[in-house]
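J.:
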Amino acid sequence: MNDAQTLAVEVKAIEQITPLIKHFTLAAVDGGDLPAFSGGSHIIVVMRGASRVHRNPYSLLSSPRQLSHYEIGVRRMEESRGGSHFMHDSVQVGSSLEIAHPVNLFGLDKIARKHVLIAGGVGITPFVAQLEDLHGGTVPYELHYSVRSPEHAAFLDTLRSREGDRVHMYYDSEGHSIDFEGLLSRQPLGTHVYVCGPAGLISRVTNTAKSCGWPNSHIHWEQFSAPPMGDAFEAFLARSQLTVHVPPDQSLMESIEAAGVEVPYLCRGGVCGFCQTRVLELDGELEHNDHFLSDADKAKGKSIMPCVSRAHGKRLVLDL
Amino acid sequence: MLITSIKSKPVYEPLRADVGGRYHLMLASGPGGEALLRVLGEIRDAAPQALQNTRALLVPGADAAAHSNTATRINEVGVTDVRLFDDVASLLTTFRTVLDESLMGTRLYVAGPESFIGLAMKLALEFDMNKDEIRAEELGTSARRVYCVHCRTTTEDVKTNIVNCAGCQRWLLVRDHYSRRHAAYMGVMVDAEAPGELPPMREVYL
Numbered sequence: 090m091n092d093a094q095t096l097a098v099e100v101k102a103i104e105q106i107t108p109l110i111k112h113f114t115l116a117a118v119d120g121g122d123l124p125a126f127s128g129g130s131h132i133i134v135v136m137r138g139a140s141r142v143h144r145n146p147y148s149l150l151s152s153p154r155q156l157s158h159y160e161i162g163v164r165r166m167e168e169s170r171g172g173s174h175f176m177h178d179s180v181q182v183g184s185s186l187e188i189a190h191p192v193n194l195f196g197l198d199k200i201a202r203k204h205v206l207i208a209g210g211v212g213i214t215p216f217v218a219q220l221e222d223l224h225g226g227t228v229p230y231e232l233h234y235s236v237r238s239p240e241h242a243a244f245l246d247t248l249r250s251r252e253g254d255r256v257h258m259y260y261d262s263e264g265h266s267i268d269f270e271g272l273l274s275r276q277p278l279g280t281h282v283y284v285c286g287p288a289g290l291i292s293r294v295t296n297t298a299k300s301c302g303w304p305n306s307h308i309h310w311e312q313f314s315a316p317p318m319g320d321a322f323e324a325f326l327a328r329s330q331l332t333v334h335v336p337p338d339q340s341l342m343e344s345i346e347a348a349g350v351e352v353p354y355l356c357r358g359g360v361c362g363f364c365q366t367r368v369l370e371l372d373g374e375l376e377h378n379d380h381f382l383s384d385a386d387k388a389k390g391k392s393i394m395p396c397v398s399r400a401h402g403k404r405l406v407l408d409l
Numbered sequence: 005m006l007i008t009s010i011k012s013k014p015v016y017e018p019l020r021a022d023v024g025g026r027y028h029l030m031l032a033s034g035p036g037g038e039a040l041l042r043v044l045g046e047i048r049d050a051a052p053q054a055l056q057n058t059r060a061l062l063v064p065g066a067d068a069a070a071h072s073n074t075a076t077r078i079n080e081v082g083v084t085d086v087r088l089f090d091d092v093a094s095l096l097t098t099f100r101t102v103l104d105e106s107l108m109g110t111r112l113y114v115a116g117p118e119s120f121i122g123l124a125m126k127l128a129l130e131f132d133m134n135k136d137e138i139r140a141e142e143l144g145t146s147a148r149r150v151y152c153v154h155c156r157t158t159t160e161d162v163k164t165n166i167v168n169c170a171g172c173q174r175w176l177l178v179r180d181h182y183s184r185r186h187a188a189y190m191g192v193m194v195d196a197e198a199p200g201e202l203p204p205m206r207e208v209y210l
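These protein sequence lines are chains A and B, in that order.
If you count by this note's numbering, then the first sequence holds residues 90 to 409, one letter each, in order.
If you count by this note's numbering, then the second sequence holds residues 5 to 210, one letter each, in order.
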């Protein structure tokens, strides 16, 4: 994906649904249907701010059967690099945005005999669309949804009214916590578990599932890392013969794009592997922040995911 | 001609214990019991408490006398839930009910003739078990189940390169093309172009 392939959309509605989350409704500028997608898909929203361009991934939460508009939920991040603040503060009804076509890196397993969905906070968004796909089907499913306190439970009313007691709520404020061992040690053969939310929740679920004997092929998770900030560094792009300066609050990918060089991407969150770039020379250390490369590949230092990863040291030469 | 290096032909490895699993479900036919005993030894050494979550379903196989004490020996390793069946069909009936009440974290071990492995895997597949959860070792006859592509009948216990279909009586060439869903090799009419001209029949799947 690159910016030449984006779709022009207009913001049709904005609703503040929790103290931190705004719900945006987007429709094609030309009034037509948007591309079809399946539950779990995300889009990249391109935000052209005054001083810089943000491209953030957001899960689609609208019904995959309703293509006249897309809906996304955007949580205002405390340590925002600007993207979520731009969405919250600068985007208004009537604003134009560009979005990339939907991509699904978090799809439901089609032959599962049961689905267990576990959401933390704004991690509910991909499940809202997946539940549309699951509702009315023959495969059993249940949602376990953990939030700070009742006022933070985005989309709960909609989910409750449709899904009833398939929705299990956990409020930190009331001292609730998910009994991961109890939940994952008593699932029938052929169950798949899906988790989306904070890193701590994802690791609790994946580690508990593995200790209960679940194979990796039955464990699914998605977490879009925002590109972490870090020290400034420089990268030399060998094929373009360009030196790129990466400031502390900008990602390597963003800096490369600002220099006019396109990097192919799908998720911009360290998940999909699409932007994997060869490291030709390195005098220093790579700071891998992605969830894609294996630990062994990270240690080799021959590849980097410029969407979220950075570098320290004297020299970094990339095959771009 | 038609029998070439077809990739769907299953390849089995010697069974090893997977102590990452919480429950161990073991199936054996005839000489397969020896492979289970080897795996049980590994489990006893690495995670002895897992023997309490282990159950074995056994069928004597062709040479029943040679494997008559398998159940007792499995008992002696520390597995209390050992069930012995008269034939593969009744073992599979029970296997289905066991799968239906089994939990995530179960590992399946199957040892015996390839046709037995195939039938067990076909059922496990219906329960969405995959290669991360199933291990199989081939021991005993390599006689094949052959699925007729013309009348869809499966002919059992085929030892020869060509076979007369039990359903439509066509002469079928037994290919290496294997279907996990049918737990059978594909059989296609061998004399379609020159009726009655059959290649020599040879016993190849012994």
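Glycine residues also receive a C-beta, built at the ideal position from the N, C-alpha and C atoms.
1. How should V167(B) be labelled, buried or exposed, when 16 other C-beta atoms within 10 angstroms of its C-beta is the threshold for buried?
2. Quick one: grab the DSSP three-state call for I78(B).
3. Since M258(A) is in the beta strand (DSSP E), which residue starts that stretch and which ends it?
4. What span of residues does the alpha helix (DSSP H) with L272(A) cover, start to end?
5. Which whole-angstrom value describes the C-beta separation of S33(B) and V63(B), a residue pair presumed to lie in contact below a C-beta threshold of 8 Å?
6. Given a cut-off of 7 Å, decide if T295(A) and E270(A) are closer than it, judged by their beta-carbon atoms.
7. Which term fits Q181(A), buried or exposed, when burial requires 16 or more other beta carbons within 10 angstroms of its beta carbon?
8. From H241(A) to S398(A), what does the alpha carbon distance come to, in whole angstroms?
9. Any beta carbon of chain A sitting closer than 7 Å to that of M5(B)?
10. Would you tell me roughly how many angstroms separate the C-alpha atoms of R165(A) and R328(A), rounded to the nearest one?
11. Mind listing, in chain order, the continuous alpha helix (DSSP H) runs of no fewer than 4 residues lying wholly within the segment 184-254 of chain A?
12. Establish whether the CB of R202(A) and some CB of chain B are separated by less than 7 Å.
13. Under 8 Å, CB to CB, which of the residues in the segment 107-140 of chain B have a partner in chain A?
14. Sort H233(A), S140(A), S344(A) and D320(A) by Cα distance to P337(A) and report the nearest one.
15. For D22(B), is the classification buried or exposed, using 16 other Cβ atoms within 10 angstroms of its Cβ as the cut-off for buried?
16. Could you check whether L44(B) and Y113(B) sit closer than 7 Å to each other, using their CB atoms as the reference points?
17. In whole angstroms, what is the alpha-carbon distance linking R237(A) and F216(A)?
18. Helix, strand or coil for R139(B)? Go by DSSP, reduced to three states.
19. Quick one: Cα of F195(A) to Cα of W310(A), how far?
20. Which partner residues of P146(A) appear in the DSSP bridge assignment?
21. Does the distance between the C-beta of K389(A) and the nearest non-hydrogen atom of the ligand HEM fall short of 6 Å?
22. Taking only the alpha-carbon atoms, compute the straight-line gap between M5(B) and A60(B) and give it to the nearest angstrom.
23. Between S183(B), H28(B), A124(B) and Q56(B), which lies nearest to L107(B) when the distance is taken from Cα to Cα?
24. Looking at the C-beta of G279(A), does it have a partner C-beta in chain B at a distance below 7 Å?
25. Please state the DSSP three-state secondary structure of M5(B).
26. Going by C-alpha distance, which of G121(A), A400(A), I188(A) and D119(A) is nearest E323(A)?
27. Starting from T157(B), trace the alpha helix (DSSP H) both ways and give me its first and last residue.
28. As an exercise, report each continuous beta strand (DSSP E) stretch of at least 3 residues that is fully enclosed by the segment 163-210 of chain B, in chain order.
29. Could you check whether Y147(A) and V134(A) sit closer than 7 Å to each other, using their CB atoms as the reference points?
30. For the alpha helix (DSSP H) containing S119(B), list its first residue and its last residue.
31. For my contact list, I121(B) and E142(B) are in at a C-beta cut-off of 8 Å; report their separation, rounded to the angstrom.
32. Comparing alpha-carbon positions, which option in I393(A), R275(A), A201(A) and L109(A) lies nearest M176(A)?
33. Just to check my reading of the structure: V192(A) and C301(A) have Cβ atoms closer than 8 Å, yes? What is that Cβ distance to the nearest angstrom?
34. What does the Cβ neighbour count give for V118(A), buried or exposed, with the cut at 16 atoms within 10 Å?
35. One question on the structure: do V352(A) and S344(A) come within less than 7 Å of each other, judged by their Cβ atoms?
T.: In this structure, then:
1. buried
2. helix
3. V256 to Y260
4. F269 to L273
5. 5 Å
6. no
7. exposed
8. 31 Å
9. Because M5(B) sits at a pLDDT of 44, beneath the cut-off of 50, its placement in the model cannot be relied upon, and the point is left open.
10. 38 Å
11. 214-223 and 245-252
12. yes
13. L107, M108, G109, T110, R111, F131, D132, M133, N134, D136 and E137
14. D320(A)
15. buried
16. no
17. 18 Å
18. strand
19. 7 Å
20. I133(A)
21. Looking for the ligand HEM in the displayed structure turns up nothing, as the structure carries no ligands at all.
22. Low per-residue confidence applies at M5(B): pLDDT is 44, beneath 50, and the placement is therefore not dependable, though the value from the model is reported in the following sentence. Taking the straight line from one Cα to the other gives about 42 Å.
23. H28(B)
24. yes
25. Note on M5(B): pLDDT 44, under 50, position unreliable in the model; the coordinate value appears next. Correct three-state label for M5(B): coil.
26. A400(A)
27. From DSSP, T157(B) is part of no alpha helix (DSSP H); its letter is neither H nor E.
28. 166-168, 175-183 and 188-193
29. yes
30. E118 to E130
31. 6 Å
32. L109(A)
33. That pair is no contact at about 31 Å.
34. exposed
35. no
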